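Protein chains in written order, with full-length UniProt numbering: chain W, 1 to 248; chain C, 1 to 248.
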């Protein structure tokens with residue numbers, strides 16, 4: 001297993017292997033593989049995943065909320081919830097009867113940092129990837145705190161890779177289930193934008209290379225069932241696809 | 001920096017250094033140091049800290065709650081919030097005007113595990129330590145989700161060490177501020193006991209050696225101010241002491 005850089009024309013991409021980790025100056029090993037022959041796993045192992053709730057106004061409304069909150073609402077998902085592209089989301093049918101997809105833009109941190117000013121947020125961002133903030137909606141409502149509902153193993157698909165050269169301010173974000181479009185938003189609709197979120201979270205806790213901030217989901221969230229194939233696609237990044245299997 | 005085993009009579013304890021990590025069979029390096037000459041840091045670096053809310057009835061009442069919840073309420077603290085004995089809790093005065101102590105029994109996991117049955121919980125527990133679930137009470141009330149309020153750097157003192165041979169079912173737990181007793185409970189008052197919590201949390205997420213479950217706080221929580229010295233003492237374990245400094 002190795003980190004690598006994905007390059008090349010569409011349909012002819014290859015992966016150049018990187019020695020060690022990709023934060024800071026990278027060094028290539030010289031090994032190159034066609035992307036089609038590589039099995040991608042989650043593009044990083046975050047020490048923490050900080051997620052933002054209620055960050056698209058139309059999603060706040062569909063959840064029955066009145067006004068979006070003045071400040072970002074933060075919660076977290078455990079590192080054990082992370083899976084990569086192509087891995088299966090395990091539906092915990094004994095504990096939940098309603099598991100929803102939530103497509104999101106994920107920010108990957110590249111530098112140890114805290115109390116980052118908004119105008120310097122770009123300096124600590126390594127890149128962007130797609131995320132699915134899978135949520136046991138029934139448990140979320142019952143518990144009040146969201147940690148259990150959003151913390152199951154496999155409930156944080158990330159990938160397919162990290163795009164390091166990207167302006168995140170106005171990207172189309174689309175979630176499909178079995179090929180049917182369910183969420184279709186733009187990151188320009190974020191109530192609190194990426195630099196604001198990096199500043200807000202890092203004012204509380206030190207961020208470490210590989211840490212991930214999930215920026216919230218647009219309207220259209222809905223249930224998954226066993227056998228579904230769910231994809232989160234973001235303009236300029238790529239598409240993260242996972243199927244749903246029964247855990248039990 | 002090394003792991004070690006604390007042994008010997010009270011006042012004459014010494015630390016025997018351990019090669020590598022302490023999970024599984026341990027091997028001593030042969031180095032021994034008087035405890036008084038050793039600087040203890042947090043006894044583990046947890047990949048995650050899962051905490052339980054509202055797990056003592058008298059604390060539920062003091063927080064204005066009615067009935068304790070039928071199921072444990074779980075939330076989490078980031079690994080970046082951990083400090084060891086003697087390290088300072090940094091009061092984020094720009095963001096909070098009310099930071100409380102919460103003395104708690106912490107369970108340290110010793111084995112990779114998931115879906116642990118209650119009756120086998122003891123097999124996955126490495127030991128017990130003292131914890132202070134420091135909480136920005138004003139932010140906790142304002143946010144609804146507790147992640148920010150409980151997630152600041154330094155808000156999870158752990159230590160002074162891990163007691164590996166201990167029955168956790170009826171231990172006195174005492175929190176003092178500047179030597180004055182503020183919390184005085186017994187772990188027999190836990191609404192959901194230690195084996196139940198291990199089963200409950202591991203039904204959701206895989207636990208990894210070093211992961212920590214905080215079992216909840218008894219009544220008597222209250223504010224800290226800069227300059228305070230706060231101690232959490234648990235019968236059969238020891239005492240975790242930290243002072244409070246201004247972050248800003």
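Glycine residues also receive a C-beta, built at the ideal position from the N, C-alpha and C atoms. Since this is a predicted model, take the numbers as computed values, not measurements.
Only counting the same chain, and skipping five residues up and downstream in sequence, which positions put a Cβ closer than 7 Å to that of residue 34/C?
If you number the second chain from 1, residue 34/C lands on position 34. The beta carbon of residue 34/C sits closer than 7 Å to the beta carbons of 14 from its chain, once the five residues preceding and following it are set aside; these are given in chain order.
*Kindly say whether residue 131/C, judged by its beta-carbon, lies nearer than 8 Å to any beta-carbon of chain W.*
The residue labelled residue 131/C in the question sits at position 131 within the second chain. It does not; no Cβ of chain W falls within 8 Å.
Exercise for review: Write down every uninterrupted run of the alpha helix (DSSP H) in the region 111 to 185 of chain W whose length is 4 residues or greater and which is fully enclosed by it, in chain order.
Suggested key: DSSP runs (the alpha helix (DSSP H)) wholly in the region 111 to 185 of chain W: 121 to 124, 137 to 143.
Item to complete: Could you say which of 80/C, 154/C, 112/C lies nearest to residue 23/C if we only look at CA atoms?
Response: The residue given as residue 23/C occupies position 23 in the second chain. The option with the nearest alpha carbon to residue 23/C is 112/C.
Item checked: Length of the line joining the Cα atoms of residue 66/W and residue 69/C -> Taking the first chain and counting its residues from 1, one reaches residue 66/W at position 66. Taking the second chain and counting its residues from 1, one reaches residue 69/C at position 69. Taking the Cα positions, residue 66/W is about 27 Å away from residue 69/C.
Any idea what DSSP makes of residue 207/C, helix, strand or coil? As a first step, residue 207/C must be located in the second chain, where it is residue number 207. DSSP places residue 207/C within a strand segment (E or B) once states are collapsed to three.
So, for residue 58/C: in the same chain, excluding its five sequence neighbours on each side, which residues have a beta-carbon less than 7 Å away from its beta-carbon? Counted from its first residue, the second chain places residue 58/C at position 58. Sequence-distant partners of residue 58/C (beyond 5 residues in either direction) whose C-beta falls short of 7 Å from its own C-beta, in its chain, are 218, 219.
Can you give the beta carbon distance from residue 107/C to residue 234/C, rounded, assuming they're within the 8 Å contact cut? Sequence index remark: in the second chain, residue 107/C carries index 107 (1-based). Sequence index remark: in the second chain, residue 234/C carries index 234 (1-based). 12 Å between Cβ atoms; not a contact.
- Can you list the residues of chain W that residue 75/C reaches, using a CB-CB cut of under 7 Å? Here residue 75/C corresponds to residue number 75 of the second chain, with the count starting at 1. Chain W residues near residue 75/C: 145, 147.
- [ ] Return the residues of the region 41 to 60 of chain C that lie within a Cβ-Cβ distance of less than 8 Å from chain W, sorted by chain order.
- [x] Answer set for the region 41 to 60 of chain C: 47, 48, 50, 53.
**Request:** Have a look at 186/C, 200/C, 82/C, 5/C and flag the residue whose alpha-carbon is nearest the alpha-carbon of residue 171/C.
**Result:** Counting from 1 along the second chain, the entry for residue 171/C is found at position 171. Of the residues 186/C, 200/C, 82/C, 5/C, the one whose Cα lies closest to the Cα of residue 171/C is 186/C.
Cβ pair count under 8 Å reaching 3, the region 197 to 209 of chain C against the region 162 to 170 of chain C:
Contact fails: fewer than three Cβ-Cβ distances are below 8 Å.
Hey, could you find the ends of the beta strand (DSSP E) residue 243/W is sitting in?
Walking along the first chain from the start, residue 243/W turns up at place 243. Residues 238 to 246.
Mapping the DSSP letters down to three states, classify residue 78/W as helix, strand or coil.
Position 78 of the first chain holds residue 78/W. Residue state, collapsed to three classes: coil.
What separation, rounded to the nearest whole angstrom, lies between the Cα atoms of residue 80/W and residue 202/C? Counted from its first residue, the first chain places residue 80/W at position 80. Counted from its first residue, the second chain places residue 202/C at position 202. Whole-angstrom Cα-Cα distance: 11 Å.
inquiry  = Nearest by alpha-carbon distance to residue 145/C: which of 29/W, 53/W, 47/W, 221/W is it?
reply    = As a first step, residue 145/C is located in the second chain; it is residue number 145 there, counting from the start. The shortest C-alpha separation from residue 145/C is found at 53/W.
For residue 26/W, which residues of its own chain have a beta-carbon under 6 Å away from its beta-carbon, when the five flanking residues on both sides are left out? For the purposes of this step, residue 26/W is taken as residue 26 along the first chain, with counting starting at 1. Scanning its chain for C-beta atoms nearer than 6 Å, with the 5 sequence neighbours on each side dropped, one finds around residue 26/W the residues 18, in chain order.
*Taking Cβ to Cβ, would you say residue 91/W is nearer than 8 Å to residue 188/W?*
Looking up residue 91/W in the first chain gives position 91. Looking up residue 188/W in the first chain gives position 188. Their beta carbons are not under 8 Å apart, which means residue 91/W does not touch residue 188/W by this criterion.
Amino acids of chain W, ordered along the chain, whose beta-carbon sits closer than 7 Å to that of residue 152/C:
In the second chain, counting from the first residue as 1, residue 152/C sits at position 152. Within chain W, the residues near residue 152/C are 204, 205.
CB contact below 8 Å: residue 120/W versus chain C
For the purposes of this step, residue 120/W is taken as the residue at position 120 of the first chain. By this cut-off, residue 120/W is not an interface position.
Counting only Cβ pairs nearer than 8 Å, list the residues of chain C close to residue 114/W. If you number the first chain from 1, residue 114/W lands on position 114. Chain C residues near residue 114/W: 153.
**Message:** Rounding to the nearest angstrom, what Cα-Cα distance links residue 71/W and residue 8/C in this structure?
**Reply:** Within the first chain, residue 71/W is the residue found at index 71, counting from 1. Within the second chain, residue 8/C is the residue found at index 8, counting from 1. Rounded to the nearest angstrom, the gap between the Cα atoms of residue 71/W and residue 8/C is 52 Å.
message = My assumption, with CB atoms under 8 Å, is that residue 94/C sits in contact with residue 76/C. Please give the rounded CB distance.
response = Along the second chain, one-based indexing puts residue 94/C at 94. Along the second chain, one-based indexing puts residue 76/C at 76. In this structure residue 94/C does not touch residue 76/C by the C-beta definition: roughly 24 Å separates them, more than the 8 Å allowed.
**Request:** Return no unless some Cβ of chain D is closer than 8 Å to the Cβ of residue 190/C.
**Result:** Of the chains in the structure shown, none is chain D; the protein chains are W and C.
#### Entry: At least three beta-carbon pairs within less than 8 Å, the region 138 to 156 of chain C to the region 222 to 239 of chain C
Not touching, per the Cβ criterion.
Review point. What residues of chain C sit near residue 196/W, judged by a beta carbon separation below 7 Å?
Key: Start at 1 with the first residue of the first chain, and residue 196/W comes out as number 196. Near residue 196/W there are no residues of chain C at all, since even the closest Cβ is about 14 Å away, more than 7 Å.
>> the ligand FMN and residue 24/W: does the residue's C-beta get closer than 7 Å to at least one heavy atom of that ligand?
In response: Only the bare structure without any ligand can be found here, which leaves the ligand FMN out of the picture.
Please confirm whether residue 80/C has its beta-carbon closer than 8 Å to some beta-carbon of chain W. Taking the first residue of the second chain as position 1, residue 80/C is located at position 80. Taking Cβ atoms only, chain W reaches closer than 8 Å to residue 80/C, which makes this a yes.
Quick check: is the beta carbon of residue 95/W nearer than 8 Å to any beta carbon in chain C?
In the first chain, counting from the first residue as 1, residue 95/W sits at position 95. Yes, because at least one Cβ of chain C sits closer than 8 Å to the Cβ of residue 95/W.
| query | How many Å lie between residue 120/C and residue 87/W at the Cα? | reply | Along the second chain, one-based indexing puts residue 120/C at 120. Along the first chain, one-based indexing puts residue 87/W at 87. Residue 120/C and residue 87/W: Cα-Cα distance of roughly 30 Å.
How far does the beta strand (DSSP E) with residue 104/C in it extend, from its first residue to its last? Numbered from its first residue, the second chain carries residue 104/C at position 104. Taken as a continuous stretch (DSSP letters only), the beta strand (DSSP E) holding residue 104/C covers 103 to 109.
(Q) Can you tell me where the beta strand (DSSP E) holding residue 66/C begins and where it ends? (A) Locating residue 66/C in the second chain gives position 66, counting from the first residue. Boundaries cannot be given for residue 66/C, as no beta strand (DSSP E) includes it and DSSP labels it neither H nor E.
Query - residue 219/C (DSSP reduced to helix, strand or coil) - result: Position 219 of the second chain holds residue 219/C. Look at residue 219/C here: in three-state DSSP terms it is coil, with no helix or strand label.
Could you check if residue 192/W is buried or exposed, using at least 16 other CB atoms within 10 Å of its CB as the buried criterion? Within the first chain, the letter at position 192 stands for residue 192/W. Buried is the call here.
Item to check | For residue 129/W, the nearest candidate out of 167/W, 98/W, 38/W (CA to CA) | outcome: What you label residue 129/W is simply residue 129 of the first chain in a count that begins at 1. Comparing alpha carbon positions, the residue from 167/W, 98/W, 38/W closest to residue 129/W is 167/W.
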